[in-house]
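Undergrad: The structure follows.
Numbering (the numbering used here), first residue to last: 117 to 289.
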């Protein structure tokens, strides 16, 4: 039975490499786009924080952040966070590639975990919880990024789980 598991076990680090690399590529492109086309997602962040396209419920509007300075600071922090996550995931991809040859997964897993947790926090806590619920982004027909945030959150969560599958352990040697 161990003979049948060997090919699967040997492919799991490759799968982890490719999946982490996919999220790394995505985050690098997101960060790059936000830096080179600053205004597009800046408007998104400004509208979400200002809550200017929500139902304007008096019980909720006190949450709105209308200061352009604060809105821009939040956007810059998001870009910095995305950039760091992308760099960690790019490094993780490199370490996974190295692990394919040397069968040492500890460093690859550590960098993957850090980068993927940053993505999960940004899209889960940042966009889904804070943007979606606190700033009621779900009420906006024009500035609602919940579907996209959920896709990235789920993708990153699945990739994190794959990097810790038990079959990956057998390649630690």
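Virtual Cβ for every residue (Gly too), placed ideally from N, Cα, C. What you are looking at is a predicted structure, and each value in this text was computed from that prediction instead of being measured.
What do you get for residue 250, buried or exposed, if any count of 16 or more other CB atoms within 10 angstroms of its CB means buried?
TA: Your numbering for residue 250 matches position 134 in the chain shown. So residue 250 ends up on the exposed side.
Undergrad: Counting only runs of 4+ residues fully inside the stretch 127-175, write out the alpha helix (DSSP H) ranges in chain order.
TA: DSSP runs (the alpha helix (DSSP H)) wholly in the stretch 127-175: 154-166.
Undergrad: Which of the three DSSP states is assigned to residue 197 in this structure?
TA: Indexing the chain shown from 1 puts residue 197 at position 81. Helix at residue 197.
Undergrad: Sort 227, 149 and 179 by Cα distance to residue 196 and report the nearest one.
TA: Counting from 1 along the chain shown, the entry for residue 196 is found at position 80. Comparing Cα-Cα distances from residue 196 to each of 227, 149 and 179, the minimum goes to 149.
Undergrad: Answer with buried or exposed for residue 186, where buried requires no fewer than 16 other C-beta atoms within 10 angstroms of its C-beta.
TA: The residue you call residue 186 lines up with position 70 of the chain shown. Burial call: exposed.
Undergrad: Take the Cβ of residue 152 as the centre, count every other Cβ of all protein chains shown within 10 Å, and call the residue buried at 16 or more, exposed below.
TA: Here residue 152 refers to the residue found at position 36 when the chain shown is read from its first residue. Label assigned to residue 152: exposed.
Undergrad: Leaving aside the five residues before and after residue 182 along the sequence, list all residues of the same chain whose C-beta is less than 6 Å from its C-beta, in chain order.
TA: Residue numbering aside, residue 182 sits at position 66 when the chain shown is read from its first letter. Only 166 meet the Cβ criterion.
Undergrad: Pick from 129, 178 and 261: whose alpha carbon is nearest that of residue 157?
TA: Position 41 of the chain shown, counted from the start, is the residue given in the question as residue 157. Selected option, being the one with the closest Cα: 261.
Undergrad: For residue 259, does the count of other Cβ atoms within 10 angstroms reach 16, so buried, or fall short, so exposed?
TA: The count along the chain shown starts at 1 and reaches residue 259 at position 143. By the neighbour-count rule (16 or more Cβ atoms within 10 Å), residue 259 is buried.
Undergrad: Could you check the C-alpha separation between residue 171 and residue 257 for me, to the nearest Å?
TA: Position 55 of the chain shown, counted from the start, is the residue given in the question as residue 171. Position 141 of the chain shown, counted from the start, is the residue given in the question as residue 257. The straight-line gap from Cα to Cα measures roughly 10 Å.
Undergrad: Nearest to residue 141 by alpha carbon, out of 173, 265, 202 and 245?
TA: The residue labelled residue 141 in the question sits at position 25 within the chain shown. That would be 202, whose Cα lies nearest to the Cα of residue 141.
Undergrad: Buried or exposed, going by whether 16 or more other CB atoms sit within 10 Å of the CB of residue 280?
TA: Here residue 280 is taken as the residue at index 164 of the chain shown, counted from 1. By the neighbour-count rule (16 or more Cβ atoms within 10 Å), residue 280 is not buried but exposed.
Undergrad: Note the first and the last residue of the continuous alpha helix (DSSP H) segment covering residue 226.
TA: One-based indexing of the chain shown puts residue 226 at position 110. Segment 222-236, the alpha helix (DSSP H) holding residue 226.
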